[in-house]
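Report on one structure; see the data block that follows.
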Amino acid sequence: MGSRIYPYMILNGEGQEAVSFYQEALGAEVSGLQTFGDMPDNPEYPIPEDAKDRVLNAHLKVGTAEMMISDTFPGQKHSHGSQISIAFVTNDSTKTKETFEKLKEGGEVIMPLQETFWSPLYGQVKDKFGITWQISSK
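Going by numbering that gives the first Met the number 0, the first residue of the sequence shown is number 0, and it counts up by one from there.
Given below as structure tokens:
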């Protein structure tokens with residue numbers, strides 16, 4: 000696969016609606032969709048009932064292009080108009096680490112690079128230009 004870049008839309012509870020909208024408007028095919036309710040149970044961080052149907056991650060294909068959508072977690076800061084980030088995905092963990100380190104120079108780490116249930120390495124960083132990047136390994 001190498002490395003890929005995806006537009007990543009972050010919405011405030013409208014993720015399911017957006018997926019349906021883009022299916023209809025763009026002919027998008029959903030290749031994957033997980034909600035916060037699909038996450039493994041963790042007693043330290045229980046999922047509130049009003050978050051369970053929110054989109055954790057949706058992966059859509061439109062022709063040869065791909066994009067991703069997620070909702071914020073209830074109570075998470077969200078500014079209308081700043082809900083686009085860029086997802087950098089690679090199957091090379093060394094490349095994942097190098098890219099994260101380079102993008103954080105002069106920027107701000109939002110979520111440190113770490114193992115998640117959906118990725119062996121995932122993190123978020125806002126670069127020195129104010130662009131939010133989601134960096135992950137497959």
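Beta carbons: idealized from backbone N, C-alpha and C, even for Gly.
Relative to the C-alpha of residue i, which residue among the options is closest?
i, options, result
"S136", "E28, A50, P39, S92", "S92"
"S30", "F99, G62, Q123, K101", "G62"
"E16", "P119, A57, E43, D37", "A57"
"L10", "S2, Y121, S84", "S84"
"A139", "A64, L120, P39", "Outside the displayed span of the chain (0 to 137) sits residue 139, for which this structure offers no information."
"M66", "G36, S78, V88", "V88"
"H77", "Y5, G1, P6, E13", "E13"
"N90", "S69, I68, S118", "S118"
"V18", "G129, A86, I134, L55", "L55"
Where do the N-terminal and C-terminal ends of the beta strand (DSSP E) with residue i fall, by residue?
i, result
"E65", "64-70"
"A24", "Here A24 belongs to no beta strand (DSSP E); instead the alpha helix (DSSP H) covers 14-25."
"T34", "28-34"
"I134", "131-136"
"E107", "107-113"
"I9", "2-10"
"K60", "54-61"
"G122", "121-125"
Where does the unbroken alpha helix (DSSP H) through residue i begin, and where does it stop?
i, result
"L87", "Note on residue identity: the sequence assigns Phe, not Leu, to residue 87. Taken as a continuous stretch (DSSP letters only), F87 belongs to no alpha helix (DSSP H), being part of the beta strand (DSSP E) at 83-89."
"L102", "92-103"
Buried or exposed: where does residue i fall if 16 or more other Cβ atoms within 10 Å of its Cβ makes it buried?
i, result
"V108", "exposed"
"T98", "buried"
"G95", "Rather than Gly, the amino acid found at residue 95 in this sequence is Thr. It is buried - the Cβ of T95 has at least 16 other Cβ atoms within 10 Å."
"K101", "exposed"
"F116", "exposed"
"A24", "exposed"
"S69", "buried"
Suppose the cutoff is 7 Å on Cβ atoms and the five residues either side in sequence are ignored; what does the same chain contact list for residue i look like?
i, result
"P125", "According to the sequence displayed, residue 125 carries Lys and not Pro. Correct list, in chain order: G106, E107, I109, T131."
"G36", "I46, K51, D52"
Keeping to the same chain, check which residues put their C-beta closer than 6 Å to that of residue i; ignore five residues upstream and five downstream.
i, result
"R3", "V88"
"L112", "F99, L120, G122"
"A86", "Y5, Y7, M67, Q133"
Within the same chain, show all residues whose beta-carbon is closer than 8 Å to that of residue i, passing over the 5 residues directly before and after it, in chain order.
i, result
"K103", "V124, D126"
* Validate contact between the stretch 63-74 and the stretch 37-50 using beta carbons, cut 8 Å, 3 pairs -> yes
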